[in-house]
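Residue numbers (full-length UniProt numbering): 1 to 258.
Here is the structure we will look at.
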């Protein structure tokens, strides 16, 4: 497990909490038919640091978890892994597998005139536990998690399945329904392989088998964080933190010319 919070975490959160937007640009690497690498970017919603605490959930999400007998995970873990939710059928998931999981994300926080850039690896959580790749990913993610000193609850009561369900529950029924859409990116002229796949569905059942089979939590494991601070035009500041090799979780901070 990671020994302590990353040195950039507090500064990043201070910028994020003053922002009116929670989206950022996420870039992966795809390959053209000639096998030439090409960038692929999209705007995604930042879902906070893994694992999402019950205290940050919408009231309706908490109610759904309780009434459907899933319950809430104890608030015992935290990490510096950035979380996004996605559909396993989306292009970015396959692109990660084909490019050594490398990704780059860029945030622009207009209210504080700061650009944050994260580079690292990205993995997805949410496949069945019995799958070998899912077990490997969970082991990798666990190394980046740490016990909260002020956490409430018993660590033994925390579960991966409940945590993924927590992210799913925090979506509206309409948003949950998008995970039962026809296959993303396929021509509309093609009939969906399953008649249950269609647009405009509302899902209340947090265990809906089709939607949950497609739902994933994408986690960015930062290896480099960089902030470009424009708040003082006469002295623009650029700072980079680089994760050192090894499992000790140490970061090297470097001041750069902007």
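All residues carry an ideal CB built from backbone N, CA and C; glycine is no exception.
- Tell whether a beta-carbon distance below 8 angstroms holds between residue 124 and residue 93. For the purposes of this step, residue 124 is taken as residue 124 along the chain shown, with counting starting at 1. For the purposes of this step, residue 93 is taken as residue 93 along the chain shown, with counting starting at 1. Against a cut-off of 8 angstroms, the Cβ pair of residue 93 and residue 124 comes out as a contact.
- Query: Are at least three pairs of beta-carbons, each pair with one atom in the region 48-56 and one in the region 77-89, less than 8 angstroms apart?
  - Reply: yes
- Message: Checking 8 angstroms against the spacing of the C-beta atoms, do residue 9 and residue 27 come in under that value?
- Response: On the chain shown, position 9 is the one that residue 9 refers to. On the chain shown, position 27 is the one that residue 27 refers to. Result no, Cβ atoms of residue 9 and residue 27 do not sit closer than 8 angstroms.
- Query: According to the Cβ coordinates, are residue 201 and residue 177 closer than 8 angstroms?
  - Reply: As a position in the chain shown, residue 201 is number 201, starting the count at 1. As a position in the chain shown, residue 177 is number 177, starting the count at 1. Yes, they are a contact pair.
- Return the residue from the list 211, 167, 219 and 244 that minimises the CA-CA distance to residue 64. Within the chain shown, numbered from 1, the residue matching residue 64 stands at position 64. Comparing Cα-Cα distances from residue 64 to each of 211, 167, 219 and 244, the minimum goes to 167.
- Task: Tell me, please, whether the region 216-231 touches the region 112-127 by the rule of three or more beta-carbon pairs shorter than 8 angstroms.
- Result: yes
- Task: Following the continuous alpha helix (DSSP H) through residue 140, name the residue where it begins and the one where it ends.
- Result: Locating residue 140 in the chain shown gives position 140, counting from the first residue. Where residue 140 is concerned, the enclosing alpha helix (DSSP H) stretches over 132-143.
- Between the Cα of residue 160 and those of 149, 142, 205 and 175, spot the shortest distance and give me the residue it belongs to. Working through the chain shown from its first residue, we reach residue 160 at position 160. Per the Cα distances, 142.
- Following the continuous alpha helix (DSSP H) through residue 129, name the residue where it begins and the one where it ends. Counted from its first residue, the chain shown places residue 129 at position 129. Neither: residue 129 is in no alpha helix (DSSP H) and is coded neither H nor E.
- residue 107 to residue 14 span [Cα, whole Å]: Mapped onto the chain shown, residue 107 falls at position 107. Mapped onto the chain shown, residue 14 falls at position 14. Approximately 13 angstroms, taken between the alpha carbons.
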